[in-house]
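Here the sequence shown is numbered in UniProt numbering, starting from 1 and rising by one per residue.
Notes follow the structure.
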Amino acid sequence: MASTQADPQIVAELAEFVFGNYCDTATYVIVLYDYLLTLSTEVEVIWTRKMINLTSVLFLVNRYNTLLNVASAALFVLLSQTTAVRNLGYAFNAVTDLVSYIVWASFSAMRVYSLDNRNLALASLALALGLVPFFTNLYPDVMQLMATLEFEGQCGVTWSLSDRLDDILEIATRVSIITCDVVVLYATLSNTYSLRVGRHSSSVKSSLVNMLVRDGTLYFLSLLFLNCMQMTFWITHIFLEFASFTNPISSIIVSHFLLDLRAIYFSSSRPGFLSAQFSEVSHLSSVHFDPANGAALSAGEISGSCNPEGPGHDSHEEEVQEGRGDREILRGHTKNEEGNVDVFSEQI
């Protein structure tokens, strides 16, 4: 009789397990598909350029850390499930997840810092909020690994958080990430409003500024929506497997944003599919290093000339631009009526 009553519960648990595996497999396919889809752009704007710069490093760590996470997860599922393999797989996935949190927090902080007139306080707030998931996941990851090492001969979960502590950590994680996304959106929209007004009052119809503001807002709205969805599913206890998609999709969004910035940066000076894809910014003036702004890359005034230096422009200057420029991917200038310069800084 007892076994008959247990059967529906066992079936439900097995169904949940199988559905979870399907969701994991779906994330593997999504990450692999996106990688193949954007590989040509990556080669064009990352691998064929100098890679010792902030943007390239962030992109490579973010993208290939996610690929390692997915590849290792799939590989360890196929391997024989010995205790050593389980421990190694769990540790590897935990480390790659923690690295992702550091990359995304750094990405958000530098985005705020560059957009909000180098506001260190707001950037520090974004960094602190972005790092909360790192610490909330570090504790259970370490405890789980220590427990599996201590009870080496046993199968299954040997350590788990209490329901109360698990709820506290989950709430802290989701709230901090959502707040961080809101801070970045605030910095993006509030500090580009005056520049967008100036652009609309000029004869420039479609500009680099428009693309950067639009894409930056779209990407961070997507991240905000993604984290709000996970919070909603967790509160309602519906589709909890959605958590499997959050990290891979967040990584894809960040990678696309960094690829777009690199593509925009090089589109005005390099022929090929990038120039066609980003033809609306082909009117940009040449990018040059402006010592008056410290380590700032200036894109000149957004006007009609591609190269104000003329055809004899020194190629060495382009090399210097590429090496330094990715600290602040693009810095566009528009002059107001008083002759002052309103700067839109697009570091990350």
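Just so it is clear, CB atoms sit at the ideal spot from N, CA and C, and this is done for glycine as well.
Quick caveat, the model's predicted, so the values are computed rather than measured.
N-terminal and C-terminal residue of the alpha helix (DSSP H) that residue i is part of
i, result
"Ile52", "Premise fails: Ile52 is in no alpha helix (DSSP H) and is neither H nor E."
"Arg174", "163-190"
Cutoff 8 Å; reference residue i; Cβ partners in own chain excluding five residues on either side
i, result
"Leu98", "Phe134, Asn137, Leu138, Asp141"
"Gly272", "Residue placement at Gly272 is poorly supported in this model, since its pLDDT is 44, which falls under 50; the coordinates are not used for a value here."
"Arg49", "Ser56, Arg262, Phe266, Glu322"
"Arg174", "Asn227, Gln230, Met231, Trp234"
"Val61", "Val99, Val103"
Residue i, buried or exposed, once every other Cβ within 10 Å from all chains shown has been counted against 16
i, result
"Tyr22", "exposed"
"Glu16", "exposed"
"Arg63", "buried"
"Tyr113", "buried"
"Ala109", "buried"
"Ile10", "exposed"
"Ser201", "Because Ser201 sits at a pLDDT of 46, beneath the cut-off of 50, its placement in the model cannot be relied upon, and the following sentence gives the value as read from the coordinates. Flag for Ser201 reads exposed."
"Leu165", "exposed"
"Leu122", "buried"
"Asp167", "exposed"
"Pro8", "exposed"
"Arg214", "exposed"
"Asn117", "exposed"
"Thr236", "exposed"
"Leu120", "exposed"
"Leu36", "exposed"
Beta-carbon proximity of residue i to residue j, cut-off 9 Å
i, j, result
"Leu226", "Ile253", "yes"
"Ala266", "Gly216", "Ala is not the amino acid found at residue 266; the sequence shown has Phe there. Going by C-beta atoms, Phe266 is not nearer than 9 Å to Gly216."
"Glu42", "Phe59", "yes"
"Val31", "Val70", "yes"
"Leu14", "Ala91", "no"
"Tyr28", "Ala94", "no"
"Ser40", "Thr66", "no"
"Asn53", "Leu115", "no"
"Ala12", "Phe245", "no"
"Leu259", "Thr38", "yes"
Chain-order list of residues whose beta-carbon lies under 7 Å from that of residue i (same chain, five-residue window excluded)
i, result
"Leu68", "Thr96"
"Phe220", "Asp181, Val184, Leu185, Thr188"
"Leu79", "Val85"
"Asn247", "Asp97, Ser100"
"Leu223", "Asp181, Ser250, Ile253"
"Phe76", "Val85, Gly89"
"Pro311", "Confidence at Pro311 is low in this model, with a pLDDT of 40, below 50, so its placement is unreliable and the value that follows should be read with caution. Correct list: empty, nothing qualifies."
6 Å Cβ shell around residue i - same chain, five flanking residues per side excluded
i, result
"Leu88", "none"
"Asp34", "Ile252"
"residue 351", "In the structure as shown, the chain starts at 1 and stops at 348, and residue 351 therefore has no counterpart that could be examined."
"Leu161", "Pro140"
"Asp24", "Ser244"
"Leu169", "Thr136"
"Ser72", "Phe92"
Specify whether the stretch 172-189 and the stretch 219-236 touch according to this definition: at least 3 beta carbon pairs, one from each stretch, less than 8 Å apart. Three or more beta-carbon pairs drawn from the stretch 172-189 and the stretch 219-236 are found closer than 8 Å, and the two stretches are therefore classed as touching.
Are the stretch 122-132 and the stretch 241-251 touching, with three or more C-beta to C-beta distances below 8 Å? Contact check between the stretch 122-132 and the stretch 241-251: fewer than three CB pairs, one atom from each, fall below 8 Å, which does not count as touching.
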